[in-house]
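One structure below.
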Amino acid sequence: MSIRILYLDDEIQNLNSFKAAFRKTYSVFITDNPEEAIRIIRDEHIQIAIADQRMPEMTGVEFFAKIKEEYPDPVRILLTGYSDLHTVIEAINSGQVFRFIDKPWDEDSVKHAIQSAAQHFETKMELKRKNEELNRALAELDSFVYSISHDVRAPLMAMWGLVNVARMDPDPNLRSELLDYFEQSIQKLDGFLNSLLDFFRNKRLDTVIEEVDLRFLLDDALALHRAHPSNQDVKLQVHIEDQTLFYSDPHRLRLVLGNILTNAFTYQKMNNAEKRIEVSMVADSEKLDFKVSDNGIGIGPEHIPHIFKIFYRADTQSQGAGIGLYVVKEVVEKLKGKIIVESNRNEGSTFHVIIPNHKF
Ligand code: ADP
């Protein structure tokens, strides 16, 4: 994409000759009106703003001072003659402008200034992106420390309590009941740690694109759930069309399939006489369409905007860590896909994932 430049000058002739000289190399926007210049900066994602110093309404330096707070991103270049040297030095020293070009300008020195301004812009943006990432990571770290201390400690405390009860009561029947509770706590802990591992795998591992055996992936994910004793009364309907070769990151796809299916089985209505899950997976040369519908407890509209946030649980029935859908969203974003949720409380939910076919 070409560099986007705004040029503000009160002399129409200067504007026109600038545009004529540079429009083939850059995306050039020109205006003689400072208000219009601000609108262009806002709407056109300007990377470099060039202004003439001597204008009747305000000077170039005043214009830059005016936009700096609200639009700090564009790199600012001042066009001026040597008679304004003192102003220029002050403007550069106080960080108002990045460079100045002396008038009358020649094409080469303008090009040179634009190239270094563009580089400066990229460096600034990279720094901004890194800063945002860092802030997000810090916020995640905070939630992690809280969640780990809570979610690891709760089952540990439960087990500790159970050990004490078992010590005090020699009744063998009670012991077997206690062992069941013990197992539940261990499973909870294991589930939590597995979710954390998924989270880190997605974050740290490189994306590896290869041919994916979709049928195998789905069968594998379903087999795990089918085998579980608590899922025996769930009626499962599966539709798969995978005639086209599909390329993606199989390990990440496994995370998406696994988490969405786990939820469809987990959030069934306890006493529903007919628990149902429909799974459809259709791949073509463009994309994979993966859809899971259940007739479970559903999700209230007030929760839907939050379910992809880390550690968010929309229901007390949840025994999970609240990480699954966060990982799903991160993976889907990494694979440049999208996810759509439709859900009604007490009626059920549909999770629809579309992942592009990353053919070579
Ligand atoms: P959890 O580990 O709690 O299942 P997830 O991130 O996978 O965490 O899901 C977040 C929340 O979204 C869950 O706690 C649950 O309340 C809700 N949810 C997800 N999938 C479904 C579903 N199929 N039916 C009903 N609620 C769901």
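Using our numbering, the first residue of the sequence shown is number 3, and each one after it goes up by one. All C-beta atoms in this analysis are idealised placements derived from N, C-alpha and C, irrespective of residue type, glycine included. Since the structure is predicted, the reported quantities are computational estimates derived from the model, not experimental observations.
Near the ligand NAD: residue i beta-carbon under 7 Å from a heavy atom
i, result
"Ser320", "As presented, the structure is devoid of the ligand NAD, carrying the ligand ADP as its sole ligands."
Integer Cβ distance of residue i from residue j, believed to fall under 8 Å
i, j, result
"Val329", "Asn261", "6 Å"
"Ser250", "Leu337", "6 Å"
"Leu219", "Pro252", "6 Å"
"Thr82", "Gly62", "7 Å"
"Phe313", "Ile325", "7 Å"
"Ile341", "His354", "7 Å"
"Val258", "Val343", "Incorrect: roughly 13 Å between the Cβ atoms, too far for contact."
"Asp153", "Phe194", "5 Å"
"Phe31", "Ile48", "7 Å"
"Ile79", "Phe100", "6 Å"
"Lys271", "Asp235", "About 11 Å separates the two Cβ atoms, so there is no contact after all."
"Asp12", "Pro58", "6 Å"
Residue j beta carbon less than 8 Å from that of residue i
i, j, result
"Gly302", "Gly350", "no"
"Ile50", "Ala120", "yes"
"Gly240", "Leu224", "The sequence given here has Val at residue 240, not Gly. Result yes, Cβ atoms of Val240 and Leu224 sit closer than 8 Å."
"Phe65", "Pro106", "no"
"Leu263", "Asp244", "no"
"Met161", "Phe184", "yes"
"Ile5", "Ile103", "no"
"Ser287", "Thr246", "yes"
"Lys289", "Ile356", "yes"
"Thr209", "Lys293", "no"
"Gly322", "Ser232", "no"
"Phe267", "His227", "yes"
For residue i, three-class secondary structure by DSSP
i, result
"Leu337", "coil"
"Phe292", "strand"
"Glu212", "strand"
"Lys205", "helix"
"Glu135", "helix"
"His114", "helix"
"Thr27", "coil"
"Ser351", "strand"
"Met159", "helix"
"Asn233", "helix"
"Ser96", "coil"
"Gln189", "helix"
"Thr82", "strand"
"Ala67", "helix"
Exposure of residue i, with buried meaning 16 or more beta-carbon neighbours within 10 Å
i, result
"Lys205", "exposed"
"Thr89", "buried"
"Gln189", "exposed"
"Met127", "exposed"
"Tyr148", "exposed"
"Ser151", "exposed"
"Tyr84", "exposed"
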